[in-house]
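A short write-up of the structure that comes next.
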Amino acid sequence: MRHRKTRSMITQFCTALAGSVLAAGCFAQDAPTRNVQMEDAKPGISDSGYDLTPPTEEEKKELLAKLTPEQIRITQKAGTEAAFCGTLLDNKKEGIYVCVVCGLPLFDSDDKFTSGTGWPSFTKTFDPSHVVGKVDTSYGMVRTEIVCGRCGSHLGHVFEDGPPPTGMRFCLNSESLTFIEKGEELPENSKPMKAEEAFFAGGCFWGVEYGFAQLPGVLSATSGYQNGETEDPDYRAVCSGETGHAESVRVRFDPDRIDYETLVRFFFEIHDPTTLNRQGPDVGTQYRSGIYTASPEQARIAVKVVKDVARSDEFKDRTIVTEIEPTGKFTQAEDYHQDYVVRTGRTCHPGIGTAVAKYQRMLDRQPERVVSPSE
Ligand code: FE
């Protein structure tokens, strides 16, 4: 009984404070936070394999219908719960914290710490693209608001006064989060997409990325550098030819919709596998032909396809020089290399449009985009 009364007093205290604490919320600083992905981030598949496509208006309406008025106030109207009153403030269990609206994983219990501010605090996000920063100039301060990277719901703010190793303090409202304890079954909207990865190097990555991105069942294609000898290469270093990296493309695909063998066969239709360290006018080891396999099964399939291709009429008098190696570290290339063909209309692999159309037909879907005749 005494316990219930104490709780009731706390509830009243919290209710009285709620809505009036934002100005002081999370001990604001005067500068917006860097090191957080800001709101121009593009939707897509996150590195941890989650679909970041925002819910439609209709879907959002359904999601919001399940929330309490307090959760609506905080997540949809940038509200703040009273300090020391959130239900997850003292939660020390192992698990993940997901968006209360759309279920996207946002934080991991491993990164939670006691900040003393009265709000659940974390040093980093579950995935950098799952939490997005927005400049917030309300209450005469410049702060960085954080919102869900999928549905845009308000979560809290982030500051650069956190503990090591990141020095960041993500300051959350408990009401913006749902906690899922380790071992509990994840709800559907908190699960990553079913995806496998494949890696292909076939000369300049712009065209290779474009080609794979057009195939039904491919969830994302990303340009990068792979199987080299230095950590964290950039374009300039790779262009020198001294780092040993190949320009390659990471393909994430749904194995229920397209299989690995089809991807490998497509790869041999969009580049010339017989020119050593060269693709058209691009010369250098970074332009070599390579398949970097993520499993022994992928290696087995890649070897089989190469044998088939080598026996075909097109290649029986030429030598295929494609290397098949286990997947080494893949480093995503700079943003200006991503979606290059779509953004600029320029490409580097002649005939790619024909191959794309053929595979789209074969995979039972109409072409999504008309490829320019120059391709
Ligand atoms: Fe969300």
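In this text, residue positions in the sequence shown follow the working numbering: the first is -19, and each later residue adds one.
Heads up, the beta-carbon is just placed ideally off N, CA and C, and yes, glycines get one too.
Here the structure is a predicted model, which is why all the values come from computation and not from measurement.
Beta-bridge pairing of residue i - partner residues as DSSP gives them
i	result
S26	The partner list for S26 (beta bridge, DSSP) is empty, contrary to what the question assumes.
E161	G75
Y205	E227, T311
Q400	Since the first residue of the chain shown is -19 and the last is 355, residue 400 is not available in this structure.
I271	F180, I304
L152	G136
V198	F233
F87	Y77
D31	I25
Closest residue to residue i among the options (Cα-Cα distance)
i	options	result
E74	D319, G163, T255	G163
V322	Q312, Q194, S156	Q194
L166	K92, P85, R53	P85
S203	V286, R123, F310, T273	F310
E227	F179, E211, T158	F179
L68	V81, T55, T94, A45	T94
S89	Y316, T158, V81, L47	T158
K104	Y77, T97, Y119	Y77
Y190	C328, S26, K41	C328
D27	A63, C219, A201	A201
T273	A181, C151, T36, A62	A181
T97	C65, E161, F87, V127	C65
G208	L343, C184, T307	T307
L152	A290, G325, G331, A62	A62
C184	A335, I332, D262, E277	D262
K171	C79, V16, E42, H251	C79
Y205	A217, V198, P196, L199	A217
F295	P253, T223, W99, E177	P253
E176	T223, R232, H225	R232
Whole-Å CB distance - residue i paired with residue j, under 8 Å assumed
i	j	result
G136	H110	Not confirmed; about 14 Å, so no contact.
E155	I54	5 Å
I271	T242	With a Cβ gap of about 14 Å, I271 and T242 do not count as contacting.
D214	E305	No, D214 and E305 are not in contact; Cβ-Cβ is about 22 Å, not under 8 Å.
L32	V81	Actually they are not in contact, since the Cβ atoms of L32 and V81 sit about 14 Å apart, beyond 8 Å.
Y240	Q278	6 Å
S118	V127	At roughly 14 Å, the Cβ-Cβ gap does not stay under 8 Å, so S118 and V127 are not in contact.
I332	G197	About 18 Å; that fails the 8 Å criterion.
F102	D91	5 Å
F87	F150	7 Å
S269	H251	6 Å
### Any heavy atom of the ligand FE nearer than 6 Å to the CB - residues listed
This criterion selects C79, V81, C82, L84, C128, R130, C131, S133.
### Task
Output the residue ranges of the beta strand (DSSP E) runs that lie fully inside the stretch 93 to 135 and measure 3 residues or longer, sorted by chain position.
Segments of the beta strand (DSSP E) lying fully in the stretch 93 to 135: 111 to 116, 123 to 128.
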